[in-house]
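The working numbering puts the first residue of the sequence shown at 6, with every later residue one more than the last.
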Amino acid sequence: MNWVTTFFSTSVGKKILMSITGMSFIGFLVVHLIGNLTIYGGKDYFDSYVDHLHSLGPVLHVFEIGLLTFALIHVLTGAVLTFQNFLSRPVRYQMNRNAGGRTLGSATMPYTGAILLIFLVFHVLHFHFADHTVKTTFEIVTGYFVNPFYAGAYVCVMIVAAFHVSHGFWSAFQTLGINHGKYTPMLKILSLLFACIVAAGFGFLPIYFNMFI
6 MNWVTTFFST SVGKKILMSI TGMSFIGFLV VHLIGNLTIY GGKDYFDSYV DHLHSLGPVL
66 HVFEIGLLTF ALIHVLTGAV LTFQNFLSRP VRYQMNRNAG GRTLGSATMP YTGAILLIFL
126 VFHVLHFHFA DHTVKTTFEI VTGYFVNPFY AGAYVCVMIV AAFHVSHGFW SAFQTLGINH
186 GKYTPMLKIL SLLFACIVAA GFGFLPIYFN MFI
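Rendered as structure tokens:
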């Protein structure tokens with residue numbers, strides 16, 4: 006196990022760890038979005054989906070614990086890498102200047118990551134501690150979405166998520182060694198397209214309930 010500890014204590018090891026945990030969250034985003042889209046089917050359809058999730062029992066709890074563990078690893082590793090980059094800023098600047106290619110997504114990763122972390126904490130607390138004995142999950146979700154302040158904040162956070170995911174998605178492949186001058190530009194485009202689709206999928210939910218319901 007010493008070699009594992011040694012490897013993940015290096016900068017390369019931390020970046021690989023960030024890539025693996027980040028890709029797991031991208032997978033979760035897709036699954037979560039598909040689940041959220043069932044809300045368009047109406048109250049019974051969405052609540053039936055939620056009941057099915059809860060019926061998984063221990064499997065769901067294991068998944069939640071795993072997701073929380075990956076979240077902690079991703080956040081802590083990201084914080085360490087950001088701090089290390091800050092300490093080596095003159096060198097990092099020289100490398101970036103020579104290499105080129107910095108994007109708004111890459112330049113703002115620490116900030117978008119912090120915003121997403123704050124949002125996730127409040128998002129989980131809102132739904133975890135909501136009184137499910139009085140309202141169904143559908144009623145709780147739509148209750149938040151029809152709130153103009155929450156709806157506006159939610160859409161803004163989805164835009165932030167698009168920036169974060171667009172860079173994180175393709176850079177994860179690059180970190181894991183999937184990098185080629187011929188395919189990287191296309192991968193960047195696909196990453197941006199994927200991020201926009203996911204962000205739009207989530208972001209349209211409060212717009213739909215405010216404008217059409």
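Every residue gets a Cβ at the ideal spot worked out from N, C-alpha and C, and that includes glycine.
Is the beta carbon of residue i less than 8 angstroms from the beta carbon of residue j?
{"i": "ALA200", "j": "SER171", "result": "yes"}
{"i": "THR180", "j": "LYS48", "result": "no"}
{"i": "THR82", "j": "LEU22", "result": "yes"}
{"i": "VAL80", "j": "THR142", "result": "no"}
{"i": "ILE44", "j": "VAL146", "result": "yes"}
{"i": "ALA156", "j": "PRO190", "result": "no"}
{"i": "HIS169", "j": "LEU122", "result": "no"}
{"i": "PHE65", "j": "LEU72", "result": "At residue 65 the sequence reads Leu, which differs from the Phe that was named. Not in contact: LEU65 and LEU72 (Cβ atoms no closer than 8 angstroms)."}
{"i": "GLY173", "j": "GLY32", "result": "no"}
{"i": "GLY192", "j": "PHE214", "result": "Sequence inspection shows Leu at residue 192; the Gly mentioned does not correspond to that position. Against a cut-off of 8 angstroms, the Cβ pair of PHE214 and LEU192 comes out as no contact."}
{"i": "HIS133", "j": "TYR149", "result": "no"}
How far does the alpha helix (DSSP H) with residue i in it extend, from its first residue to its last?
{"i": "HIS137", "result": "Careful: HIS137 lies outside any alpha helix (DSSP H) and carries neither H nor E."}
{"i": "TYR188", "result": "Element bounds for TYR188: n/a, residue is neither H nor E."}
{"i": "VAL162", "result": "153 to 180"}
{"i": "SER1", "result": "Outside the shown range of the chain (6 to 218) lies residue 1, about which nothing can therefore be said."}
Does residue i come out as helix, strand or coil in the three-state DSSP assignment?
{"i": "SER60", "result": "coil"}
{"i": "ASN215", "result": "helix"}
{"i": "THR108", "result": "coil"}
{"i": "THR1", "result": "Since the first residue of the chain shown is 6 and the last is 218, residue 1 is not available in this structure."}
{"i": "THR113", "result": "coil"}
Quiz item: In chain order, which continuous runs of the alpha helix (DSSP H) of length 4 or greater are located wholly inside the stretch 10 to 84?
Solution: Correct list: 16 to 41, 48 to 59.
Check whether the stretch 37 to 44 touches the stretch 197 to 212, taking contact to mean three or more Cβ pairs, one atom from each stretch, closer than 8 angstroms. Taking a cut-off of 8 angstroms for Cβ pairs, the stretch 37 to 44 and the stretch 197 to 212 touch, as three or more such pairs fall below it.
| said: Does the stretch 113 to 129 come into contact with the stretch 148 to 166, if we say contact requires no fewer than three beta-carbon pairs (one atom in each stretch) closer than 8 angstroms? | reply: Using a Cβ-Cβ distance cut-off of 8 angstroms, the stretch 113 to 129 and the stretch 148 to 166 are in contact, since at least three pairs of beta carbons, one from each stretch, lie closer than that value.
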